[in-house]
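Contents: one structure, followed by commentary.
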Amino acid sequence: MSEKKSIQVIDRMSDLLDAIARYPDPVSLKVLAAETGLHSSTAHRILAAMTENGFVERDPAGHYQLGRKLLGLGSRVDAQTDLRQIAQPVMARLRDQLGETVNLTVREGDEVVYVEKATPNRMMHVQQLIGSRAPLHVTAVGKLMLAVSGEEACLGYAERTNLPAYTRNTVNSIEKLLAETWTLASQGYAFDDEEAEIGVGCIGTVIYDAAGNIVAGLSVSAPIERRRLEWVNDLMQAAEEISKAMGYQSHQGTPD
958 MSEKKSIQVI DRMSDLLDAI ARYPDPVSLK VLAAETGLHS STAHRILAAM
1008 TENGFVERDP AGHYQLGRKL LGLGSRVDAQ TDLRQIAQPV MARLRDQLGE
1058 TVNLTVREGD EVVYVEKATP NRMMHVQQLI GSRAPLHVTA VGKLMLAVSG
1108 EEACLGYAER TNLPAYTRNT VNSIEKLLAE TWTLASQGYA FDDEEAEIGV
1158 GCIGTVIYDA AGNIVAGLSV SAPIERRRLE WVNDLMQAAE EISKAMGYQS
1208 HQGTPD
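Below, the structure is given as structure tokens:
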């Protein structure tokens, strides 16, 4: 019953947002209640929570309009869409060059999320599902993102997650994590040596935007026996090409 009630609240929030969006000017509570069929007290309670969380704003007259937080969330969707569009041809070229799977990931909290991939036309290759997630410390890109974020961020991550081991090779102690990330921050790339999955090796690096912020990770995954060290340069060049297309200028240097 509690879950059903929670879902009902989300449905009502969505109805209220849709109703507000239909009007060019801020809308009164009375109009929104009539538009959505909600009792005024119910609409007021939900709108108050939405206002507190930035999804809705009130003008001096007490009328409601869409909040600026929605604009920020929308811009993130646009940014990810632009990122994928820019990255796709570069990823396809890298896939054809190396003959292995190329992945594009973004960070969400303590995980990386796979948002795009380019897979080779060969029988045996690594398959990553779009939308799948992995903890930062078990992936090459994730470890590099932790390294760039600094020691304090690494300690906080370790405390929150307790560094669960996915395989016998997973870095699952803070001492090992700090020792590895110390090198990665200046190196600019990282390896996953069967740390997320036995038999799979990965090389990862990061992509920057115009402001010099890390916006994504680019990696190549392969059966561990096929992975080659010489792929590092090709991967780094591909990431640099995408970063430049995102507006990044290499003379900015990497952020602290």
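Mapping of the sequence shown onto this note's numbering: residues 958 to 1213, in sequence order.
Don't be surprised by glycine CBs; every beta carbon is placed ideally from N, CA and C.
Because the structure is a prediction, the values reported are computed rather than measured.
Inset, instruction - Pull up the CB-CB distance for T1058 and K1074, whole angstroms please, since I reckon it's below 8 angstroms. - result: 6 angstroms
Inset, instruction - Rank Q965, R979 and T1127 by C-alpha distance to the C-alpha of L995 and give the top, closest one. - result: Q965
Inset, instruction - Determine the closest residue to D1053 out of R1064, H1082 and L1120, with distance taken between C-alpha atoms. - result: H1082
Inset, instruction - Can you tell me which of the three DSSP states T993 falls into? - result: helix
Legend entry - Range of the contiguous beta strand (DSSP E) that encloses T1058: T1058 to E1065
Legend entry - Buried versus exposed, by CB contacts within 10 Å (16 or more), I977: buried
Legend entry - Pair within 9 angstroms by beta-carbon distance, M1130 and D1149: One detail in the question is off: residue 1130 reads as Ser in this sequence, not Met. Cβ atoms of S1130 and D1149: not closer than 9 angstroms.
Inset, instruction - Kindly indicate the opening and closing residues of the alpha helix (DSSP H) around S1143. - result: I1131 to Q1144
Legend entry - Residue environment, E1152, which counts as buried when at least 16 other CB atoms sit within 10 Å: buried
Legend entry - Counted within 10 angstroms of its Cβ, other Cβ atoms place H1214 as buried (16 or more) or exposed: The chain is shown only over 958 to 1213; residue 1214 falls outside these bounds and no answer can be derived.
Inset, instruction - Check whether the region 1020-1029 touches the region 1159-1175, counting contact only when three or more Cβ pairs, one atom from each stretch, lie closer than 8 angstroms. - result: no
Inset, instruction - Would you tell me roughly how many angstroms separate the C-alpha atoms of A1018 and L1103, rounded to the nearest one? - result: 47 angstroms
Legend entry - Opposing strand residues paired with V984 [DSSP bridges]: Y1021
Legend entry - Best match in Y1021, L1120 and L1175 for proximity to Y1146 [C-alpha to C-alpha]: L1175
Legend entry - Nearest-angstrom Cα separation, counted from D1166 out to G1193: The displayed chain sequence assigns Met, not Gly, to residue 1193. Rounded to the nearest angstrom, the two C-alpha atoms are 15 angstroms apart.
Inset, instruction - Could you pull the start and end residues of the alpha helix (DSSP H) that R1200 belongs to? - result: A quick correction: the sequence has Ser, not Arg, at residue 1200. Per DSSP, S1200 belongs to the alpha helix (DSSP H) from W1188 to A1202.
Inset, instruction - Please list, in chain order, all residues of the same chain as T1127 whose beta carbon is under 6 angstroms from its beta carbon, the five residues on each side excluded. - result: V1095 and E1152
Legend entry - C-alpha distance - V1163 paired with L1004, whole-angstrom precision: 40 angstroms
Inset, instruction - Closer than 6 angstroms by C-beta to R1184: which residues in its own chain qualify, once you throw out the five before and the five after it? Chain order, please. - result: G1158
Legend entry - Local conformation of V1083 per DSSP, three classes: coil
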